[in-house]
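Have a look at the structure below before the remarks.
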DNA sequence: TGACAGGACTAACGGTGTTAGTATAAAATG
DNA sequence: CATTTTATACTAACACCGTTAGTCCTGTCA
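Residue numbers (my numbering), protein chains in the order written: chain W, 183 to 372; chain Y, 183 to 372.
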């Protein structure tokens, strides 16, 4: 029994599925191995350890986010492109909460690949922002602030915060992104 | 050996210290027990399990955040109170990252105590916002958006994101909170 | 055909939270 | 004061976790 067609790519693929299914915090190498019909130790012939899997899932998340934003923007520019991309960001994070978590939790601090991928994942939205023509410094501040707000909103709501008031969270998100759109128009001289 | 003066409160106290010291993700009951000079199993005479500890740490975090914001605001109202509170929020999260993490990670979804405590922790800043006199609905949206942005900024930066551009993150945070202040003035008719 | 290398295996280590059962000291009751 | 009860510590064990060392089989290549 010395061949099962196992490969690093195949492992990562199944890992992504397992993370989303069982949750980022409940993911285990043992369960992953079981799914691949293999003993846990056998995984180590193809990967270095669980850290490599976490990184791969995070990279996959960045790629998925990038595609989501790209598709939301399409060939467009302007307000509707901006708003749709912002909605798509939230929709992606809400629809794939565990994969999204994998991206956020992965400490980019010590990992240039992740840093680059995370930066790149936001690029489609950044392009829309750029097209408004604000000064670069303002654009960077704005883009960081927007990303903060969107991520913060997504994480707080998904963790059950912001539900004490009866006011709809969907409405808050709309107000939030329209607010940012106004600011964007402001810093680019309308 | 049937008495060591152990108590639930004492356990939680040491747990808070241990979480901040070793990190939220590296915290373990066994190490906590060792610190208290007790066998792990003995903890179960005073607590239900690690979940109760996580909750207690989160509650403590909410309380600390509340005190921090209260102190930052003081008896004041207006722009400086707003800005200082927003700065204090970030400073608290940056200075106590693991305790802060405990608050955010604790799923408020299934825990009314946490939901209330988290809501209350933000109250000092909410009071400052209220004093600007905007309509309640607008105020709620604004307060949620601000909280999202502050939390998102803190978490993203602490995880090593937003460091691809050379633009200072401190400056971004200042731009961010001044931006929100402008919006706040806008919705309250200056 | 024989050697080699890759990829699977078993067994084990030290870590985690948790439970069951036991002993003992303190507190409560007669 | 003596006895019973209760509280709190203990040991031992279970089931999980990631990971490593050592082994064996099998497909490939000289």
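Note that the Cβ used here is the ideal one computed from N, Cα and C, for glycine as well.
Fair warning: this is a prediction, and the values are worked out from it, not measured in the lab.
In whole angstroms, what separates the C-alpha of residue 281 of chain W from that of residue 206 of chain W?
7 Å
Partners in chain W for residue 358 of chain Y, counting only beta-carbon separations shorter than 8 Å
323, 326, 327 and 330
With a 10 Å radius around its C-beta and 16 neighbouring C-beta atoms as the bar for buried, classify residue 226 of chain W as buried or exposed.
exposed
Could you tell me which whole beta strand (DSSP E) segments of length 3 or greater appear in the stretch 242–275 of chain W?
none
Check the C-beta distance from residue 264 of chain W over to residue 363 of chain W and give it rounded, since I have them as a contact under 8 Å.
6 Å
For residue 361 of chain W versus residue 365 of chain Y, is the C-beta distance shorter than 8 Å?
yes
Would you kindly work out how many angstroms separate the C-alpha atoms of residue 328 of chain W and residue 187 of chain W, rounded to a whole number?
44 Å
Alpha-carbon spacing of residue 338 of chain Y relative to residue 237 of chain W, whole angstroms:
17 Å
Three-pair Cβ contact test at 8 Å for the stretch 330–350 of chain W versus the stretch 287–298 of chain Y:
yes
Limits of the unbroken alpha helix (DSSP H) element including residue 348 of chain W:
Element bounds for residue 348 of chain W: n/a, residue is neither H nor E.
What do you reckon, are the CB atoms on residue 248 of chain Y and residue 305 of chain Y nearer than 8 Å?
yes
With DSSP run on the structure shown, which of helix, strand or coil describes residue 222 of chain W?
helix
Residue 295 of chain Y (DSSP reduced to helix, strand or coil)
helix
Can you check whether the C-beta of residue 346 of chain W is within less than 8 Å of a C-beta belonging to chain Y?
yes
Looking only at its own chain, which residues have a Cβ that is under 7 Å from the Cβ of residue 221 of chain W, when we skip the five neighbours before and after it?
215
Among W/324, W/347 and W/269, which residue has its Cα nearest to the Cα of residue 377 of chain Y?
An answer regarding residue 377 of chain Y cannot be provided, because it is not within the stretch 183 to 372 covered by chain Y.
By DSSP, does residue 289 of chain W sit in helix, in strand, or in coil?
coil
From the beta carbon of residue 205 of chain W, is the nearest beta carbon of chain Y less than 8 Å away?
no
Looking at residue 336 of chain Y: is its Cβ nearer than 8 Å to the Cβ of residue 267 of chain Y?
no
Roughly how many angstroms lie between the CA atoms of residue 242 of chain W and residue 254 of chain W, to the nearest whole one?
18 Å
Excluding the five sequence neighbours on either side, which residues of its own chain have a C-beta within less than 7 Å of the C-beta of residue 351 of chain Y, listed in chain order?
339 and 344
Considering only C-alpha positions, which residue in the set Y/262, Y/193, Y/353 and Y/315 is nearest to residue 229 of chain Y?
Y/193
Interface partners of residue 341 of chain Y on chain W, CB under 8 Å
286, 287, 288, 289, 290 and 291
Cα-Cα separation, residue 278 of chain W to residue 202 of chain W
7 Å
Output the boundary residues of the alpha helix (DSSP H) element that contains residue 334 of chain W.
318–340
Among W/218, W/346, W/331 and W/353, whose alpha-carbon lies nearest the alpha-carbon of residue 358 of chain Y?
W/331
Taking only the alpha-carbon atoms, compute the straight-line gap between residue 276 of chain Y and residue 235 of chain Y and give it to the nearest angstrom.
22 Å
So residue 188 of chain Y is in the alpha helix (DSSP H); what residue range does that whole segment cover?
Counting along the chain, residue 188 of chain Y falls outside any alpha helix (DSSP H), and DSSP gives it neither H nor E.
Span of the alpha helix (DSSP H) around residue 312 of chain W
305–312
Member of Y/208, Y/317, Y/355 and Y/200 whose CA lies at the smallest distance from the CA of residue 269 of chain Y
Y/355
Quick one: what does DSSP say residue 282 of chain Y is sitting in, helix, strand or coil?
helix
Would you verify that the beta carbon of residue 333 of chain Y is, or is not, closer than 8 Å to some beta carbon of chain W?
yes
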